[in-house]
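Chemist: Each residue of the sequence shown is one higher than the one before, counting from 1213 in this note's numbering.
No residue lacks a Cβ here, since even glycine has one placed at the ideal position from N, Cα and C.
Sending over a structure as C-alpha cells; questions will come in a sec.
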Amino acid sequence: MARAEAPEDPTASAEAAAIVDVPPEIVAQSLGEWFRAWLTRLRAGESGVLPVVLGLVIISIVFTAISPVFLSAGNLVNLFQQSAVFMVLAMAEIFVLLLGEIDLATGYTAGVGGVIAVQLVQPVTTKWPWWGAILAALLVCALIGLIQGTLITRLRLSSLIVTLAFSLILSGVMLILLGLGPFSGYPGLLGQSPNIIALHKSHAELDRHGGPRTNRRRHPLVE
C-alpha cells in the first residue's frame, strides 16, 4: 500500500522564495560578506553607483591639480549652494525615471514657478506675501504636472513628446511673464556683448551728431 506524502508547508516555501529574492548585501552578517556580495554583483555587470563615484573622484583629482583650493571648505560650500537647485530637480526626476518615463520639462516648470513667485511679491504692483506667492507657484507647477500626467496616462502619449512640447510652451510662458524679452542691463551676466553693443551705439551717435567719421561700413546692429 502506497504511503501518503505529507503536504508541503506553504509558509516554508514562501520564506525560501523571499530569501532567494533578497539581495546578498542585505542579509550579509559582516562587512566582509557585504563586500564579497558586492564584488559578485560587480562581476555580473551590475555596477550600481560605481561609475558615478569614480567620476567624482576623477573630477576632484583633476580640479584639485588645477586649483589647490578646489577641496577647501569654502569652495565646497559654494558648490553645494550652486547645485542645490539641480539636486532638488534631480530628486523630482527620480520618481519619473523609476516609472520608466522621462520629463524634459522639469527645469522649465520650476522656472515658471520661480517667475510667478517673483512677480507676485513685487512691492510696487502685486504686494503678495512671500508665503502666498510660493503657494501660488506650487499650485501652478502642480497643475502643469497634472496636465502632463493626464496626457501621458489617459491618452497614452509618449512622455518624451509631451514633456518636450511642454518645455517649449513653458519657455514661451516665461518670456511672456518676463515681458516678452530676455534680461538686459546686466553686463556681468551677459559678458562683453552689451559693452560691444554700447560701443557701436556710441559711434552711431557720433555719426548722427557730426562727430568723427570713418570709411568703415556701419555695423548692422546700429543701422
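Which residues mark the beginning and the end of the alpha helix (DSSP H) in which E1305 is found?
Modeler: The residue given as residue 1305 occupies position 93 in the sequence shown. First-last of the alpha helix (DSSP H) with E1305: 1285–1310.
Chemist: With three or more C-beta pairs closer than 8 Å as the rule, is the stretch 1310–1328 touching the stretch 1384–1392?
Modeler: As far as the Cβ criterion goes, the stretch 1384–1392 touches the stretch 1310–1328, which means the pair count is three or higher.
Chemist: Buried or exposed for L1497, going by 16 or more other Cβ atoms inside 10 Å?
Modeler: Since the first and last residues shown for the chain are 1213 and 1435, residue 1497 lies out of range.
Chemist: Where do the ends of the alpha helix (DSSP H) carrying F1378 lie?
Modeler: Sequence index remark: in the sequence shown, residue 1378 carries index 166 (1-based). First-last of the alpha helix (DSSP H) with F1378: 1371–1389.
Chemist: Among the residues of its own chain, which have a CB less than 8 Å from the CB of L1283, if the five just before and after it don't count?
Modeler: For the purposes of this step, residue 1283 is taken as the residue at position 71 of the sequence shown. Excluding sequence neighbours, L1283 sits near S1272, T1276.
Chemist: The alpha helix (DSSP H) spanning E1245 covers which residue range?
Modeler: Start at 1 with the first residue of the sequence shown, and residue 1245 comes out as number 33. Start and end: 1243–1255.
Chemist: Can you tell me the Cα-Cα spacing of V1175 and T1252, whole angstroms?
Modeler: Residue 1175 cannot be examined here, being either before or after the span of the chain that is shown, 1213 to 1435.
Chemist: Inspect the beta-carbon positions of C1353 and T1375 and report whether they are closer than 8 Å.
Modeler: If you number the sequence shown from 1, residue 1353 lands on position 141. If you number the sequence shown from 1, residue 1375 lands on position 163. The answer is no: Cβ separation not under 8 Å.
Chemist: In whole angstroms, what is the alpha-carbon distance linking A1230 and Q1294?
Modeler: Against the sequence shown, residue 1230 aligns to sequence position 18. Against the sequence shown, residue 1294 aligns to sequence position 82. Reliability of the predicted coordinates at A1230 is poor, the pLDDT of 47 falling under 50, and the value obtained from them is presented with this limitation in mind. Cα-Cα distance, rounded: 43 Å.
Chemist: Kindly indicate which residue of V1265, A1377, W1340 has the alpha-carbon position closest to the one of I1356.
Modeler: Numbered from 1 along the sequence shown, position 144 holds the residue referred to as residue 1356. If we check each option's Cα against that of I1356, A1377 comes out closest.
Chemist: Would you mind giving the Cβ-Cβ distance between L1363 and L1372, rounded to the nearest angstrom? I have them listed as a contact below 8 Å.
Modeler: If you number the sequence shown from 1, residue 1363 lands on position 151. If you number the sequence shown from 1, residue 1372 lands on position 160. That pair is no contact at about 12 Å.
Chemist: Buried or exposed, going by whether 16 or more other CB atoms sit within 10 Å of the CB of L1382?
Modeler: Working through the sequence shown from its first residue, we reach residue 1382 at position 170. By the 10 Å Cβ count, L1382 comes out buried.
Chemist: When you compare each of A1256, L1291, A1317 to I1359 by their alpha carbons, which one comes out closest?
Modeler: Numbered from 1 along the sequence shown, position 147 holds the residue referred to as residue 1359. Minimum Cα distance to I1359 is reached at A1317.
Chemist: Identify whether Q1360 lies in helix, strand or coil by the three-state DSSP scheme.
Modeler: Counting from 1 along the sequence shown, the entry for residue 1360 is found at position 148. Three-state DSSP puts Q1360 in a helix.
Chemist: Once DSSP output is grouped into helix, strand and coil, what is the label at A1317?
Modeler: Here residue 1317 refers to the residue found at position 105 when the sequence shown is read from its first residue. Coil.
Chemist: Mapping the DSSP letters down to three states, classify S1272 as helix, strand or coil.
Modeler: The count along the sequence shown starts at 1 and reaches residue 1272 at position 60. Correct three-state label for S1272: helix.
Chemist: Between W1342 and the rest of its own chain, which residues show a CB-CB distance below 7 Å, the 5 nearest in sequence each way excluded?
Modeler: As a first step, residue 1342 must be located in the sequence shown, where it is residue number 130. Excluding sequence neighbours, W1342 sits near V1333.
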